[in-house]
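J.: I'd like to ask you about the structure that follows.
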Amino acid sequence: MVPKSHRRTALLAVIRRLLEGVWTAWAAVTLAFFALRIASGDPVASLLSQGLASPEQAEEIRISLGLNAPLWLQYLRFLANLLQGDLGSSLYTHRSVSQIILEQFPSTFVLAVTGLIAAVLFGFILGITAAWLRKRTSGMIAAAIAALATSIPVAFAGILSLLIVGHLLQEIGSSSELLIRLILPALVLGFASSGPIARVIHSGLSESLRSPFILAARARGIRRDVRLLWHALRPSLPPAISLVALEAAFLFTGTVVTETVFSRPGLGRLLVKSILDGDYPIALGLVALAAIFYTISHVIADLLTFIIDPRLRRVE
Amino acid sequence: MKTYTNKIVLLFFVLSMSTLSSACQPPSDKTSTLNYGLTLAPSGIDPHINASAELGIPLSSVYDTLVFLDQANGEFVPGLAERWEISSDGLRYTFYLRKDVYFHDDTPFNAQAVQDNLDYILEPDNHSQKAAMMLGPLKQAEILDEHTIMLVLDEPFAPLLDSLSQVYLGIASPKALKHWGSSEYQFHQVGTGPYRFVEYIPNDHITLERNPDYAWGPPIYENSKASIERIVFYFYEDAPSRALALERREVDIMGEIPAHEADRLTTSAEFSLSAVTIPGQPLQYFFNTTASPTDDLRVRQALLLAVDKESIVLTVFGSHSPIGSNPLSQAGFNKISVPSPSAHKPEEARKLLEETGWKLEGQDTVRKRDGEPLAITLIAPTWGSNSEVAQLVKAGWENIGVEVELIIATGFGALKEIQSSGDYHAIGINFFGTDADLLRSFYASDGFYNWTGFSDSEIDQLLIEAARTTLDPEYRVDLYNQIIQAIADNALILPIRDYVNLVVAHQSVEGLNFSAQGWFPNLIDVQRSSP
Amino acid sequence: MKFPLLKTLCVLWLVAIGLLALTAPILTSADPYEQISSTMQTPTDHPPLGTDALGRDFFARLTYGTRLSLSIPMLSTLLTILFGTILSLTAIAVGGLVDRIILALTNAALAIPGLLLAMLLVAGFGPGLPTVVIAVGLGGIPGFVRLSRSIFLGIKEMGYIDAAYALGASRIRVAFAHILPNSAPQLLSLATTHFAWAFMGATTLTFLGLSGDPSFPEWGAMLNSGRMHLIQSPRLTVIPGILISLTIFSVHYLGENYTEK
Numbered sequence: 000m001v002p003k004s005h006r007r008t009a010l011l012a013v014i015r016r017l018l019e020g021v022w023t024a025w026a027a028v029t030l031a032f033f034a035l036r037i038a039s040g041d042p043v044a045s046l047l048s049q050g051l052a053s054p055e056q057a058e059e060i061r062i063s064l065g066l067n068a069p070l071w072l073q074y075l076r077f078l079a080n081l082l083q084g085d086l087g088s089s090l091y092t093h094r095s096v097s098q099i100i101l102e103q104f105p106s107t108f109v110l111a112v113t114g115l116i117a118a119v120l121f122g123f124i125l126g127i128t129a130a131w132l133r134k135r136t137s138g139m140i141a142a143a144i145a146a147l148a149t150s151i152p153v154a155f156a157g158i159l160s161l162l163i164v165g166h167l168l169q170e171i172g173s174s175s176e177l178l179i180r181l182i183l184p185a186l187v188l189g190f191a192s193s194g195p196i197a198r199v200i201h202s203g204l205s206e207s208l209r210s211p212f213i214l215a216a217r218a219r220g221i222r223r224d225v226r227l228l229w230h231a232l233r234p235s236l237p238p239a240i241s242l243v244a245l246e247a248a249f250l251f252t253g254t255v256v257t258e259t260v261f262s263r264p265g266l267g268r269l270l271v272k273s274i275l276d277g278d279y280p281i282a283l284g285l286v287a288l289a290a291i292f293y294t295i296s297h298v299i300a301d302l303l304t305f306i307i308d309p310r311l312r313r314v315e
Numbered sequence: 000m001k002t003y004t005n006k007i008v009l010l011f012f013v014l015s016m017s018t019l020s021s022a023c024q025p026p027s028d029k030t031s032t033l034n035y036g037l038t039l040a041p042s043g044i045d046p047h048i049n050a051s052a053e054l055g056i057p058l059s060s061v062y063d064t065l066v067f068l069d070q071a072n073g074e075f076v077p078g079l080a081e082r083w084e085i086s087s088d089g090l091r092y093t094f095y096l097r098k099d100v101y102f103h104d105d106t107p108f109n110a111q112a113v114q115d116n117l118d119y120i121l122e123p124d125n126h127s128q129k130a131a132m133m134l135g136p137l138k139q140a141e142i143l144d145e146h147t148i149m150l151v152l153d154e155p156f157a158p159l160l161d162s163l164s165q166v167y168l169g170i171a172s173p174k175a176l177k178h179w180g181s182s183e184y185q186f187h188q189v190g191t192g193p194y195r196f197v198e199y200i201p202n203d204h205i206t207l208e209r210n211p212d213y214a215w216g217p218p219i220y221e222n223s224k225a226s227i228e229r230i231v232f233y234f235y236e237d238a239p240s241r242a243l244a245l246e247r248r249e250v251d252i253m254g255e256i257p258a259h260e261a262d263r264l265t266t267s268a269e270f271s272l273s274a275v276t277i278p279g280q281p282l283q284y285f286f287n288t289t290a291s292p293t294d295d296l297r298v299r300q301a302l303l304l305a306v307d308k309e310s311i312v313l314t315v316f317g318s319h320s321p322i323g324s325n326p327l328s329q330a331g332f333n334k335i336s337v338p339s340p341s342a343h344k345p346e347e348a349r350k351l352l353e354e355t356g357w358k359l360e361g362q363d364t365v366r367k368r369d370g371e372p373l374a375i376t377l378i379a380p381t382w383g384s385n386s387e388v389a390q391l392v393k394a395g396w397e398n399i400g401v402e403v404e405l406i407i408a409t410g411f412g413a414l415k416e417i418q419s420s421g422d423y424h425a426i427g428i429n430f431f432g433t434d435a436d437l438l439r440s441f442y443a444s445d446g447f448y449n450w451t452g453f454s455d456s457e458i459d460q461l462l463i464e465a466a467r468t469t470l471d472p473e474y475r476v477d478l479y480n481q482i483i484q485a486i487a488d489n490a491l492i493l494p495i496r497d498y499v500n501l502v503v504a505h506q507s508v509e510g511l512n513f514s515a516q517g518w519f520p521n522l523i524d525v526q527r528s529s530p
Numbered sequence: 000m001k002f003p004l005l006k007t008l009c010v011l012w013l014v015a016i017g018l019l020a021l022t023a024p025i026l027t028s029a030d031p032y033e034q035i036s037s038t039m040q041t042p043t044d045h046p047p048l049g050t051d052a053l054g055r056d057f058f059a060r061l062t063y064g065t066r067l068s069l070s071i072p073m074l075s076t077l078l079t080i081l082f083g084t085i086l087s088l089t090a091i092a093v094g095g096l097v098d099r100i101i102l103a104l105t106n107a108a109l110a111i112p113g114l115l116l117a118m119l120l121v122a123g124f125g126p127g128l129p130t131v132v133i134a135v136g137l138g139g140i141p142g143f144v145r146l147s148r149s150i151f152l153g154i155k156e157m158g159y160i161d162a163a164y165a166l167g168a169s170r171i172r173v174a175f176a177h178i179l180p181n182s183a184p185q186l187l188s189l190a191t192t193h194f195a196w197a198f199m200g201a202t203t204l205t206f207l208g209l210s211g212d213p214s215f216p217e218w219g220a221m222l223n224s225g226r227m228h229l230i231q232s233p234r235l236t237v238i239p240g241i242l243i244s245l246t247i248f249s250v251h252y253l254g255e256n257y258t259e260k
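Chains as they are written, first to last, in numbering that gives the first Met the number 0: chain A, 0 to 315; chain B, 0 to 530; chain C, 0 to 260.
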């Protein structure tokens, strides 16, 4: 059992980390708000020049959007609305931004989750192979593939996979909708994100395999098999797991490109479209949500590391 | 051993993928569902309010119009109106409506419904972007009896019947209009057409369902009832993904397929091509006549001569497009005379520029006059392969010593914004339509889309006369010929090609044909031969 | 993966494309903007690499494209390094409250992924190559500040820095004369890996169509425009894609393995 004093300091540390998370999320959302507003200027002017509103209507819209108030007041309103889940409405369709985002969310969520699973699997398989079979060709190939994973742009990986799989399917003479709509993009996204994970596992496992306690275990006659692997892997697990939690957020940027290449609906495509259309409320809402999500996963990553590492070590 | 672990991991991965997959399988019942691919997702899909042509592809089967346009002879045939009378002064149109028509919500169609629709369209708070303008000088609608309505105009308006034949003036159920209001109605549309509106998830899909009670189709439909149960429309904004979607059988029909992809797909018997000419304006660029150097007629003429249209059309559109030479396409305006396309004569273009004082000095590649370089800003929209065409136009102009800045406007909004700033010398835009009056908003001095800045009272006179004084078709043709000549004389536009929509359909699709406006399929006629 | 051979190969590759950028006019007489054929030519019909879909010499577009594709991330990286180093050096040299403020701001900015931040900036200013340079440059600052700050922190905690302070050196002097030079190797490595990130980011933005003028030869934009002809002429996408990947790999590998063990 963990001693009471340890529990108290642990609890305090957790609370502190959570508060930091709240602060970071708030600061990021603020940055997003001001960056976009300052860069983009007056959204209503754009409606005017497009002929979507007469000057009188433009004034009305300005009032209804609260644009006549000073910028800091608009910011406070934005914040208040954000906390209630209100992200404003699209400049063109007047639909609630939260509604629009909710509609597109499931598709991106499915892609991101499957992509994350793929990233973890690729990362672990490549990293373990590279370290465990260091001296064999397969180990070196795995290391090379991991390096490729970090250098190849997601877009190119997606395009290549479409080309290759398209040809394969033509040979076989079948066409699997599911394969191309979900599995392929997830695999591509996962592969492109697996580099950091593979690297952490590779270097961590390599080092731990050379460490004294492993050598001692082998000297005692323990064979080079799965059990040994598991023991050697354990020290690398905390950073790997926290990296996985961070990757969850990185996947969001990856989905922007993946959804474009594979024509999947989702938040990534929505973001690009809102940027090209100039529909600022949607772009701002998406970036704000991304920032909050990113912060949450950072906090989870830190907490996971904290839980797995020091306390377990102390107990042992 | 190590490989053992790997195998277990891989197995687990495959198993989880397949369980996940069965959860995500979309229902595909090929016998009674048709999947149709659209291109850009418009910002709104209420035809009474929004102007996009895309929305008409599904919605022209949800609504009926008072009259329909028979493209075979250019005549108007009865739709929801059995017959109509036009007063001799052209100011009063009396429509005698069918008595057997019901909306999809079972409310009856009558004259009151027509009046409610007109009110909805003309209500200023609803911001109708196209339908309202198509009604022109409409003063009021008078209900004469339950199935007779009279439209009263302030002055004669030749395009009125043409307007009334388009989906933007399709008749909607007043009950639905009132219940939902202008911002929500687009998600709950109710018409009288051969298909019912089921749902619209923006950026995702539109679903239509067969209307089994439909019994009042116009003569231009081949079938009297629709045969396909469900039609689902998906959006494919990204051009490279469209052909792929067809090949993967995600959709059975899709339009706006790039020319070389259409050729490739139809080499096999699996797909068939419908090359549909779209009447209206060609893919074209307007010159800004109020900004130097394009304010000089000779400079504009030189720019026209520097462009090799034949080569551009061949490169971008293959063999599928007539070269544009006219402010109006050849299709749909048969009787209007067509000047021959401006030839490709770069030497003559260079001479013209020399004459106007723009000269090349020494090693320069860009002409100068009084130390100023000859700089042109070219704005192109993203649709219709404009981006590719603009790149080639730029290359042609650079060839005669012009410095070109090419800007791709990312959407219609961006295009309009740039235009309002006046920072352009050539800008691309074109509208479609079946009545030559569509020229008016582009070439009249006070036209909403007069992006050339060209003001000529004679052209204004002709435009008004052709639309607001006479209903005589032959006299109108004569007037429009004069207008077109004036536009050519003043080198106001660089037309590139007449629009041809390449629609590729799977071999199991039969009966696909398109309405007079070109974009809209008559879904009632579409059948599946086998799953 | 510590082959000396691999390192040499990477250097050779980078030198090769650098030369490509500089000697483009010598290598080919064709103009990357000029249409030389109405139909797309294969490499057999028109050596060495045929034309793109609009009939422009593909080899010319690739070689001239090297200039744009390299200079955009280079300029962005310079921007990032300049502003990033000033911020992190100030934070460490001055320390105390200033450091805490800069750290807090950086952490906040880091909550928005760099690419998203760049896209946000492009959204505001409108597409165009200069915007891409600035957006990628600014978007990379938070990440660079965090990493360079920890480098400087490591140097600062070395004994000789305290000795310098004890001898009465001002903070500015310490910063420029001691901290900065001693962190040079690590900074160089960081700058190199950052260039790889900027390259990836810039090509992603141009791939998404945010470069403004599609006629400019630039590998990311070419990756995008080649997609239309993926099945018929895969070389239009595959070659730029390979060029991008190899360049990122080489820069990344050199940056990571710069410091000899």
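Glycine included, each C-beta is placed from N, C-alpha and C at the ideal position.
Buried or exposed: which applies to B/P25, given that a residue is buried once 16 or more other Cβ atoms fall within 10 Å of its Cβ?
T.: Low local confidence applies: a pLDDT of 44 at B/P25 is under 50, so the model's placement there is unreliable, and no value is given.
J.: Cα-Cα, which of B/T93, B/S86, B/A348 and B/L437 is closest to B/G562?
T.: This structure gives no information on residue 562 of chain B, because the portion of chain B shown stretches from 0 to 530.
J.: Per the contact definition of three or more C-beta pairs closer than 8 Å, is the region 144 to 154 of chain A in contact with the region 74 to 86 of chain A?
T.: Because the criterion of three Cβ pairs below 8 Å is not met, the region 74 to 86 of chain A and the region 144 to 154 of chain A do not touch.
J.: Can you find a CB in chain C that lies within less than 8 Å of the CB of A/Y74?
T.: no
J.: Grab the span of the alpha helix (DSSP H) containing A/Y293 for me, first residue to last.
T.: Secondary structure note for A/Y293: its alpha helix (DSSP H) is the uninterrupted segment Y279 to F305.
J.: Let me know if B/P520 comes out buried or exposed under the rule of 16 or more other beta-carbons within 10 Å of its beta-carbon.
T.: buried
J.: What is the residue span of the beta strand (DSSP E) that A/F212 lies within?
T.: First-last for A/F212: P211 to A218, but that is the alpha helix (DSSP H), not the beta strand (DSSP E).
J.: Following the continuous alpha helix (DSSP H) through B/D118, name the residue where it begins and the one where it ends.
T.: A110 to L121
J.: Got a sec: is the Cβ-Cβ distance from B/M0 to anything in chain A below 8 Å?
T.: Unreliable placement is indicated for B/M0, whose pLDDT of 40 sits below 50; no coordinate value is reported for it.
J.: Are B/A330 and B/D497 closer than 8 Å when you measure CB to CB?
T.: Contact: yes.
J.: Based on Cα-Cα distance, which residue from B/I230, B/R229 and B/Y213 lies nearest to B/N222?
T.: B/Y213
J.: Does chain C have any CB closer than 8 Å to the CB of A/F251?
T.: yes
J.: Go ahead and label C/L11 buried or exposed: buried means 16 or more other beta carbons lie within 10 angstroms of its beta carbon, across all protein chains shown.
T.: Answer is exposed; the Cβ neighbour count stays below 16.
J.: Tell me where the beta strand (DSSP E) around B/Y92 begins and ends.
T.: R91 to L96
J.: Can you look up B/K527 in the DSSP assignment and give me helix, strand or coil?
T.: Checking the sequence shown, residue 527 of chain B turns out to be Arg, not Lys. Of the three classes helix, strand and coil, the one that applies to B/R527 here is strand, per DSSP.
J.: Checking contacts by CB at 8 Å: is B/P281 closer than that to chain C?
T.: no
J.: Cβ of B/L117 within 7 Å of any heavy atom in the ligand FAD?
T.: Among the ligands in the structure shown, none appear at all, so the ligand FAD cannot be discussed.
J.: Here's the rule: buried if 16 or more other CB atoms are within 10 angstroms of the residue's CB, otherwise exposed. What is B/K29?
T.: Any reading at B/K29 must be qualified, since the residue scores a pLDDT of 47, below 50, and its modelled position is unreliable; the value itself is stated next. Label assigned to B/K29: exposed.
J.: How should C/S244 be labelled, buried or exposed, when 16 other C-beta atoms within 10 angstroms of its C-beta is the threshold for buried?
T.: buried
J.: Of the residues A/I99, A/F33 and A/I62, which one's Cα is nearest the Cα of A/Y74?
T.: Sorting A/I99, A/F33 and A/I62 by C-alpha distance to the C-alpha of A/Y74 places A/F33 at the top.
J.: Using a Cβ cut-off of 9 Å, which residues of the region 237 to 253 of chain C contact any Cβ in chain A, in chain order?
T.: Answer in chain order: V237, P239, G240, I241, I243, S244, L245, T246, I247, F248, S249, V250, H251 and Y252.
J.: Under 8 Å, with one C-beta from each stretch per pair, do the region 494 to 511 of chain B and the region 245 to 263 of chain B reach the 3-pair mark?
T.: Counting Cβ pairs under 8 Å, three or more are found: they touch.
J.: Closest Cβ-Cβ distance between A/E102 and chain B: below 8 Å?
T.: yes
J.: Which residues in chain A sit within 8 Å of C/P112, going by Cβ to Cβ distance?
T.: A248, F249, F251, T252, A289 and Y293
J.: Got a sec, what are the start and stop residues for the beta strand (DSSP E) B/Q506 sits in?
T.: That residue, B/Q506, is in no beta strand (DSSP E); it is neither H nor E in DSSP.
J.: Say whether the region 113 to 123 of chain C touches the region 198 to 207 of chain C, bearing in mind that this needs 3 or more beta-carbon pairs closer than 8 Å, one atom from each stretch.
T.: Counting Cβ pairs under 8 Å, three or more are found: they touch.
J.: If you draw a straight line from the alpha carbon of A/P184 to that of A/R263, how long is it in whole angstroms?
T.: 9 Å
J.: Use the C-beta contact count for C/V144: other C-beta atoms within 10 angstroms, 16 or more gives buried, fewer gives exposed.
T.: buried
J.: Assign B/Q24 to one of three DSSP states: helix, strand, or coil.
T.: Per-residue confidence for B/Q24 stands at a pLDDT of 35, beneath the threshold of 50, marking its modelled position as unreliable; the derived number appears in the next sentence. Coil.
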